[in-house]
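Novice:
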Amino acid sequence: MLEQKLPIIDPQHLGGTSPTNIIMLGPSLTVNGGISKYEKLFLEHVPPEVKIFHIPTHKEGSSPYKIIVFFQALVNLLWMLLRKDIALVHIHISQRGSAFRKAIMTFLVWIFRKPIILHAHGSEFHLFYSQLAPWVQQLLRWVFGKCSRLIVLSESWKKFSINSLGLRSEQVVILYNPVKLPSPVPYRPGSQKVTILFLGRIGQRKGAFDLIKAFAALPAEDKNRASLILAGNGELEQAYSLVKSLELTANITIPGWVSSEERDHLLAKANIFILPSYNEGLPMALLEAMGWGLPVITTPVGGIPELVVDGDNGLLVKPGEIPELSMAMQTLINDLGLRLSLGCSARASVAHLNIEDYCSSLLNIYCSVLKSEKTAP
1 MLEQKLPIID
11 PQHLGGTSPT
21 NIIMLGPSLT
31 VNGGISKYEK
41 LFLEHVPPEV
51 KIFHIPTHKE
61 GSSPYKIIVF
71 FQALVNLLWM
81 LLRKDIALVH
91 IHISQRGSAF
101 RKAIMTFLVW
111 IFRKPIILHA
121 HGSEFHLFYS
131 QLAPWVQQLL
141 RWVFGKCSRL
151 IVLSESWKKF
161 SINSLGLRSE
171 QVVILYNPVK
181 LPSPVPYRPG
191 SQKVTILFLG
201 RIGQRKGAFD
211 LIKAFAALPA
221 EDKNRASLIL
231 AGNGELEQAY
241 SLVKSLELTA
251 NITIPGWVSS
261 EERDHLLAKA
271 NIFILPSYNE
281 GLPMALLEAM
291 GWGLPVITTP
301 VGGIPELVVD
311 GDNGLLVKPG
321 EIPELSMAMQ
331 TLINDLGLRL
341 SLGCSARASV
351 AHLNIEDYCS
361 SLLNIYCSVL
371 KSEKTAP
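For the sequence shown, the residue numbers in the UniProt record's numbering are 1 to 377.
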């Protein structure tokens, strides 16, 4: 199970009499997704030692609109680098278009000789990278090599960054995603109906279709005792069609994307959380569910096996193994004691990832980078 030791911030390298100015580049806060959720959570709790200038590099819309947003971001970045006393630039990077947008921005920041922190979120970056032409891979390796620190979400992603991207071990820092812990944890007594919750993009990568099929494979009595809610954006029509074809419209609800208030309501009312992904970093939705004291069924991909121990604070199943997923659901539907035990352990497992302590850890990374810059020859 992962552990995260909180470092001590040296105040002489950060803050002082006035806040340290930091640019953060990432998707718009209005975009539905894990990176935006992370940005909003951090910006809501940013400590007084720093002042964050958030520049949105991506918004939902047509391709021409997305191009306009990107060029606006470039102009805003250039203006701030010229006019503001910027200490460092924190860049959120993922796969596909995000990687190329952030490569251009990283090059611009490097021209201004500002320290760069890249923050990798891409759950499928390894697949994306492996399919690139060698010269494009070399270009991305050059870009990643220009960062003072690369923040990754797990030990497995650190190994990838060193082995595939050519980074030095000291360049790569593991910082697990944060979670906002509710207080108190909802009381979940035994009930006639067991509510199973999925939060995330509905599609094949996160195993949403596998989950629907696994629910369909439950014995009739368990199906009647349970309801499944899949909340998120993505391939909704395909999910609706699958539910209808399996005659599960009375058992499965697909509300689409939900607000943070609606999400918290669903987490409070749920009895089981499931995320049967094929690829992940360290999903915010999983951390949130564990923070709400829910027993989780998930897969050992990305950083998840560093957090979830099978039979201790959750149940692990292989990606794509629908019978195994169905059996795990059946186990928790019929065992209230196990649900409560796993949920209690899940909450304890993420207590150290609370957003307040996370901010201290991130500030320490900022401090370390700025200290290194001051002592560099």
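Heads up, the beta-carbon is just placed ideally off N, CA and C, and yes, glycines get one too.
Need the endpoints of the beta strand (DSSP E) that T57 sits in, please.
Specialist: That run of the beta strand (DSSP E) goes V50 to H58.
Novice: On a Cα-Cα basis, can you pick out the residue from G234, L118 and N334 that is closest to V194?
Specialist: The residue with the shortest Cα to Cα distance from V194 is N334.
Novice: Using a 10 Å radius around the Cβ and a threshold of 16 neighbouring Cβ atoms, would you call N271 buried or exposed?
Specialist: Under this definition N271 is a buried residue.
Novice: Confirm, please, whether the CB-CB distance from G200 to A285 is below 8 Å.
Specialist: yes
Novice: Tell me M24's beta-bridge partners as DSSP assigns them.
Specialist: H54 and H90
Novice: Extract the residue ranges of the alpha helix (DSSP H) inside the UniProt domain "Glycosyl transferase family 1" (191-346), only unbroken runs of 4 or more that lie entirely within it.
Specialist: 208-216, 220-225, 236-245, 260-269, 284-291 and 322-333
Novice: Can you grab the Cα-Cα spacing for the pair L82 / F209, in whole Å?
Specialist: 49 Å
Novice: How is A73 classed by DSSP in three states: helix, strand or coil?
Specialist: helix
Novice: Does the separation of the CB atoms of V296 and N279 fall below 8 Å?
Specialist: no
Novice: Going by the CB atoms, is the gap between I151 and V173 shorter than 8 Å?
Specialist: The criterion of a C-beta distance shorter than 8 Å is satisfied by V173 and I151.
Novice: Answer with buried or exposed for V369, where buried requires no fewer than 16 other C-beta atoms within 10 angstroms of its C-beta.
Specialist: With 16 or more Cβ atoms within 10 Å of its Cβ, V369 is classed as buried.
Novice: Touching or not, the stretch 176-192 and the stretch 245-262, by the rule of three or more beta carbon pairs under 8 Å?
Specialist: no
Novice: Does the separation of the CB atoms of K102 and L25 fall below 8 Å?
Specialist: Against a cut-off of 8 Å, the Cβ pair of L25 and K102 comes out as a contact.
Novice: Is it the case that the stretch 153-163 contacts the stretch 336-354, given that we only count it when at least three CB pairs across the two stretches are under 8 Å?
Specialist: no
Novice: In the structure shown, what three-state DSSP assignment does H126 receive?
Specialist: helix
Novice: Return helix, strand or coil for V173, following the three-state DSSP convention.
Specialist: strand
Novice: So what does DSSP say about H121, is it helix, strand or coil?
Specialist: Three-state DSSP puts H121 in coil, outside helix and strand.
Novice: Less than 8 Å between CB atoms is the rule here; does T195 satisfy it with respect to chain B?
Specialist: Given the protein chain composition of this structure (a single chain), no chain B is represented.
Novice: Does DSSP put R141 in a helix, in a strand, or in coil?
Specialist: helix
Novice: Could you give the first and the last residue of the continuous beta strand (DSSP E) run that contains V152?
Specialist: Per DSSP, V152 is one residue of the beta strand (DSSP E) stretching across R149 to V152.
Novice: Using the Cβ count rule (16 or more neighbours within 10 Å means buried), how would you classify W292?
Specialist: buried
Novice: Which residue comes first and which comes last in the alpha helix (DSSP H) that contains V109?
Specialist: G97 to I111
Novice: Could you check which residue in L325, S227 and N233 has the C-alpha nearest to that of L248?
Specialist: S227
Novice: S372 to C359, Cα distance in whole Å?
Specialist: 20 Å
Novice: Rounded to the nearest angstrom, what separates G97 and G122 at their Cα positions?
Specialist: 11 Å
Novice: Which of the three DSSP states is assigned to V46 in this structure?
Specialist: Collapsing the DSSP output to three states places V46 in coil.
Novice: Could you tell me the distance, in whole angstroms, from the CA atom of I365 to the CA atom of L77?
Specialist: 22 Å
Novice: In angstroms with no decimal places, state the Cα-to-Cα distance between L230 and F198.
Specialist: 5 Å
Novice: Nearest to N233 by alpha carbon, out of I23, G33 and T20?
Specialist: Taking only the C-alpha atoms, the option nearest N233 is G33.
Novice: Just to confirm the assignment, what range does the alpha helix (DSSP H) spanning K159 have?
Specialist: E155 to N163 is the extent of the alpha helix (DSSP H) around K159.
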